[in-house]
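Enquirer: Numbering (this note's numbering), first residue to last: 1314 to 1412. Think of the CB as a built atom: it goes at the ideal place given N, C-alpha and C, for glycine as much as any other residue.
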C-alpha cells in the first residue's frame, strides 16, 4: 500500500448526489470488503443499470473505485481508506491505496 493525497472537495463532490446512491454504493463496498459486479449492485440497490453505471463512473473518476473489465462484466472495488490529516494544512485527505 502507498499513500496518495487527494483533494477533499473532489471526494465530497463525487459522493454528493440527491439520491444518495453513491454513498450507498460505497457503503455496500466497504461493508462487503470485496469487489462487486454491476449486476450485483443492481440487485442489491434496486436501481437501474444505466443509472448505477453513471454513478460508478463518477466514483471512479474521483479515484474512489477501481474497475476491472472481466469479459462482459465490470467489477468495481473500494480503492481507499481515507484518513484526514492535519499535516496537509486541513485542505487535503490522505488515502491509503492498495497496489
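Spell out a yes or no on whether the region 1331-1338 and the region 1362-1380 are touching, meaning 3 or more CB-CB pairs, one atom from each, closer than 8 Å.
Expert: At 8 Å Cβ cutoff, the stretches touch.
Enquirer: Compute the beta-carbon to beta-carbon distance between residue 1323 and residue 1375, rounded to the nearest angstrom, for a pair I have assumed lies under 8 Å.
Expert: Residue mapping note: residue 1323 aligns to position 10 of the chain shown, counting from 1. Residue mapping note: residue 1375 aligns to position 62 of the chain shown, counting from 1. Right, the Cβ-Cβ distance comes to about 5 Å (below 8 Å), so this counts as a contact.
Enquirer: Please report the straight-line C-alpha distance between residue 1347 and residue 1390, rounded to a whole angstrom.
Expert: Position 34 of the chain shown, counting from 1, holds the residue named residue 1347. Position 77 of the chain shown, counting from 1, holds the residue named residue 1390. Going by the C-alpha atoms only, they are around 7 Å apart.
Enquirer: Kindly indicate the opening and closing residues of the beta strand (DSSP E) around residue 1378.
Expert: Residue numbering aside, residue 1378 sits at position 65 when the chain shown is read from its first letter. Taken as a continuous stretch (DSSP letters only), the beta strand (DSSP E) holding residue 1378 covers 1378-1383.
Enquirer: Taking DSSP as the reference, what is the three-state secondary structure of residue 1326?
Expert: Taking the chain shown and counting its residues from 1, the one referred to as residue 1326 is at position 13. Residue state, collapsed to three classes: helix.
Enquirer: Let me check understanding here. Comparing Cα to Cα, which of 1378, 1384, 1367, 1383 lies closest to residue 1330?
Expert: As a position in the chain shown, residue 1330 is number 17, starting the count at 1. That would be 1367, whose Cα lies nearest to the Cα of residue 1330.
Enquirer: Give me, in chain order, the residues of the same chain whose beta-carbon lies closer than 8 Å to that of residue 1358; leave out the 5 immediate sequence neighbours on both sides.
Expert: As a first step, residue 1358 must be located in the chain shown, where it is residue number 45. Result list for residue 1358: 1334, 1337, 1338, 1341, 1365, in chain order.
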